[in-house]
Structure formats: C-alpha cells, structure tokens
Amino acid sequence: MKCVRDQNGNHVIQKCIESVPAEKINFIFSAFCGEVATLSMHPYGCRVIQRVLEHCAYELQCEFIVDEILESVFILAQDQYGNYVTQHVLERENLMKDTRLLANCQGMLFY
Numbered sequence: 151m152k153c154v155r156d157q158n159g160n161h162v163i164q165k166c167i168e169s170v171p172a173e174k175i176n177f178i179f180s181a182f183c184g185e186v187a188t189l190s191m192h193p194y195g196c197r198v199i200q201r202v203l204e205h206c207a208y209e210l211q212c213e214f215i216v217d218e219i220l221e222s223v224f225i226l227a228q229d230q231y232g233n234y235v236t237q238h239v240l241e242r243e244n245l246m247k248d249t250r251l252l253a254n255c256q257g258m259l260f261y
C-alpha cells in the first residue's frame, strides 16, 4: 500500500497491473480490499484504481472494487480525485441499470 501512495511507486504498481498476468498479482488486488474509497481519493491511488478497473482479468476480480466504489459513490463523485474513479466506473460498467448506484445517490441529487 505504501507504493500506491508514493510518487514513483504508484507507476511501478500501475505497470505491474498493465503487464503482469492477473493471477500472478492477485495479492495486489487483495491488498486493496477495504481501502478502495480511500485510495480513490488519493492523487496517486486514484490512478492505480483506474488501472485495476481497466485491466481486471475477470469480473469477480473487479467486483469488490466496483462494490466499494458504489458504496461511496456520492462522496467520491465530489472529491477532486475520486470523481475520476467514479467517471471511470460509469464509462466502463453498465451501472446505470444498477440500482445500487441510484440508491446510494438517492435524495442527494437536485434537478
């Protein structure tokens, strides 16, 4: 986790996510469990989370990451770094049909 928050270390983690087969770096994904929202609001962590979303090998691998983002979607959408992660999820996933997204924003949106 220290590397993800490091100015140079985050690039190493991103390159691993992009280049190494997912089954070899599953420990990286596991380390993010429970930390996705916090990392998403970090200047370097948000980039790493975006790479994870781009390079997940299979749906189950990404599921807990997307779930944690959706749990905090309203806060992340307003954060200077978290909003990029939120946008990335919305562009990548078909979440407009997902009632969790709407439920987590219910009563917080204005027309």
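Read in the working numbering, the sequence shown has 220 at position 70, and its numbers run on one by one without any break.
Cβ atoms here follow ideal geometry from the backbone N, Cα and C, with glycine treated the same way.
Query, Result
"Who are the Cβ neighbours of residue 156 in its own chain at under 8 Å, not counting the five residues just before and after it?", "194"
"May I have a chain-ordered list of the alpha helix (DSSP H) segments no shorter than 4 residues that lie completely inside the segment 169-209?", "176-181, 186-190 and 195-205"
"Going by the beta-carbon positions, is the gap between residue 179 and residue 211 smaller than 7 Å?", "yes"
"For residue 184, does the count of other Cβ atoms within 10 angstroms reach 16, so buried, or fall short, so exposed?", "exposed"
"Return the residue from the list 169, 154 and 151 that minimises the CA-CA distance to residue 204.", "169"
"In whole angstroms, what is the alpha-carbon distance linking residue 164 and residue 202?", "8 Å"
"From residue 182 to residue 151, what distance separates their C-alpha atoms?", "8 Å"
"Which residue's Cα is closest to the Cα of residue 145: 191, 175 and 173?", "The chain is shown only over 151 to 261; residue 145 falls outside these bounds and no answer can be derived."
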